[in-house]
Amino acid sequence: DPGIMSMWRAVVTCACRAHARPGSRRASTMALYEIEGKGRALVAERAISAGSTLLQCTPIAKVLKSTSDVTACERCLGPLPSASRFCSQLCALEHADHGGELLQRCDLRALHAIHEEQGRKFPLMVAQLLASLLAGLKQTGTAPLVWQHALALCHAVIPDEGMPQVEEEHRALVTAFVAAGISDDSSLKLLLPLSRYTQLLGAAQLNAFELHTTRGHTISCLLPSSASCFNHSCEPNTHVSCSETHEVSFVTARDVGAGEELVISYAALDLGYEERQRIFQYKYAFECQCPRCQREAAGTVSE
Numbered sequence: 001d002p003g004i005m006s007m008w009r010a011v012v013t014c015a016c017r018a019h020a021r022p023g024s025r026r027a028s029t030m031a032l033y034e035i036e037g038k039g040r041a042l043v044a045e046r047a048i049s050a051g052s053t054l055l056q057c058t059p060i061a062k063v064l065k066s067t068s069d070v071t072a073c074e075r076c077l078g079p080l081p082s083a084s085r086f087c088s089q090l091c092a093l094e095h096a097d098h099g100g101e102l103l104q105r106c107d108l109r110a111l112h113a114i115h116e117e118q119g120r121k122f123p124l125m126v127a128q129l130l131a132s133l134l135a136g137l138k139q140t141g142t143a144p145l146v147w148q149h150a151l152a153l154c155h156a157v158i159p160d161e162g163m164p165q166v167e168e169e170h171r172a173l174v175t176a177f178v179a180a181g182i183s184d185d186s187s188l189k190l191l192l193p194l195s196r197y198t199q200l201l202g203a204a205q206l207n208a209f210e211l212h213t214t215r216g217h218t219i220s221c222l223l224p225s226s227a228s229c230f231n232h233s234c235e236p237n238t239h240v241s242c243s244e245t246h247e248v249s250f251v252t253a254r255d256v257g258a259g260e261e262l263v264i265s266y267a268a269l270d271l272g273y274e275e276r277q278r279i280f281q282y283k284y285a286f287e288c289q290c291p292r293c294q295r296e297a298a299g300t301v302s303e
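Just so it is clear: in the sequence shown, position 213 is 213 by full-length UniProt numbering, and no numbers are missing.
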């Protein structure tokens with residue numbers, strides 16, 4: 001996010017897991033390996049043809065960055081068959097299960113103002129995750145999978161100079177849930193202490209996807225932890241996309257050989273070398289040395 005984004009630094013506390021969990025579907029065509037000198041990587045277990053779906057999942061939290069003129073389901077963003085909030089009973093149930101009704105009771109104008117004025121969308125994502133946690137605890141007495149996925153994501157940390165703003169956001173979030181009568185201050189600070197709030201912000205910083213639906217919506221979202229295991233290359237063999245709803249698909253862009261790493265691009269492919277490197281350093285704190293970047297850095301391929 002602007003302002004704090006430049007102060008993030010990566011930490012090597014990645015709890016990503018290769019196995020799929022409820023809420024995501026992953027074919028038995030890939031596995032997570034440790035590669036010497038590189039770290040963890042998703043690798044094809046067998047030859048995979050172009051156009052194969054590797055993973056389909058839905059966001060564990062999302063923020064609309066822009067909307068279209070068409071009406072949309074509050075849960076999946078799909079078309080509405082009538083003048084209602086949801087396109088189906090399933091979406092209505094999922095909305096409630098993920099804390100949607102709790103969230104609607106909260107006055108989050110302070111966090112929405114931060115999003116509108118500063119472009120900082122991640123506090124709103126954490127609010128959604130907290131609502132999911134509270135709804136899950138109320139229904140089953142245990143933390144829901146959404147919360148477990150969020151805590152399993154790689155995360156970044158904030159240096160001291162960024163903490164005053166983060167502390168203010170944390171206070172605003174806790175106050176909103178208390179004022180809505182959803183929980184008391186001490187319980188909320190036990191479930192979401194400042195340290196966990198900053199961890200979730202860091203998870204969003206390193207793992208948020210920006211996606212565009214075919215109906216004109218742009219969303220920034222967090223996906224289940226299995227989706228965060230894809231490493232980056234400026235010559236990806238896997239594309240990430242969604243259609244008219246928020247369901248996200250990871251699909252092979254070309255034929256992939258057995259033993260080949262499955263990679264996606266963290267930046268738009270039409271950007272030049274220097275602009276891509278700025279994004280990687282600014283947002284993810286790494287320097288890309290993929291084959292394309294090596295060629296362009298050496299001047300063998302014009303941008």
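Where a beta carbon is used, it is the ideal one built from N, C-alpha and C, also for glycine.
Should residue i and residue j be called a contact, given that it needs their Cβ atoms to be closer than 7 angstroms?
i                 : j             : result
glycine 216       : serine 68     : yes
alanine 41        : glutamate 261 : yes
leucine 64        : cysteine 73   : no
cysteine 221      : lysine 62     : yes
leucine 188       : valine 174    : yes
phenylalanine 250 : leucine 54    : yes
histidine 239     : alanine 258   : no
By the 10 Å Cβ neighbour count, where 16 or more other Cβ atoms means buried, how is residue i classified, buried or exposed?
i                 : result
valine 126        : buried
isoleucine 114    : buried
phenylalanine 286 : exposed
valine 70         : exposed
isoleucine 60     : buried
histidine 95      : buried
serine 243        : exposed
arginine 278      : exposed
alanine 203       : buried
glutamate 168     : exposed
glutamate 136     : One detail in the question is off: residue 136 reads as glycine in this sequence, not glutamate. Glycine 136 comes out buried.
Report the option in the options whose CA atom is closest to the CA atom of residue i.
i             : options                           : result
histidine 246 : Cys87, Lys138 and Gly181          : Cys87
proline 224   : Gln118, Leu153, Ala172 and Lys65  : Leu153
cysteine 234  : Arg254, Leu271, Asp255 and Thr218 : Leu271
glycine 99    : Ile182, Ala172 and Gly39          : Ile182
Need the endpoints of the beta strand (DSSP E) that residue i sits in, please.
i             : result
leucine 77    : Leucine 77 -> no beta strand (DSSP E), and no H or E assigned at all.
valine 248    : 248-252
isoleucine 35 : 30-35
alanine 204   : Where alanine 204 is concerned, there is no enclosing beta strand (DSSP E), although the alpha helix (DSSP H) it sits in stretches over 194-207.
threonine 218 : 218-222
glycine 39    : 39-44
leucine 64    : 61-66
Can you give the Cα-Cα distance for residue i and residue j, rounded to whole angstroms?
i                 : j              : result
glutamine 199     : isoleucine 158 : 9 angstroms
glycine 23        : alanine 156    : For glycine 23, the pLDDT reaches just 41, beneath the cut-off of 50, and the residue's location in the model is therefore unreliable, leaving the point undetermined.
leucine 32        : alanine 44     : 9 angstroms
aspartate 255     : serine 226     : 22 angstroms
phenylalanine 122 : serine 66      : 15 angstroms
alanine 176       : arginine 109   : 9 angstroms
proline 236       : valine 263     : 5 angstroms
cysteine 14       : tryptophan 147 : Its pLDDT being 35, under 50, cysteine 14 is placed unreliably in this model, and the value from its coordinates should be taken loosely. Rounded to the nearest angstrom, the two C-alpha atoms are 16 angstroms apart.
glutamine 128     : alanine 150    : 11 angstroms
alanine 297       : tyrosine 273   : 7 angstroms
tyrosine 197      : glutamine 56   : 27 angstroms
leucine 134       : glutamate 117  : 28 angstroms
Kindly indicate the opening and closing residues of the alpha helix (DSSP H) around residue i.
i            : result
cysteine 242 : Segment 238-242 is the beta strand (DSSP E) holding cysteine 242; no alpha helix (DSSP H) there.
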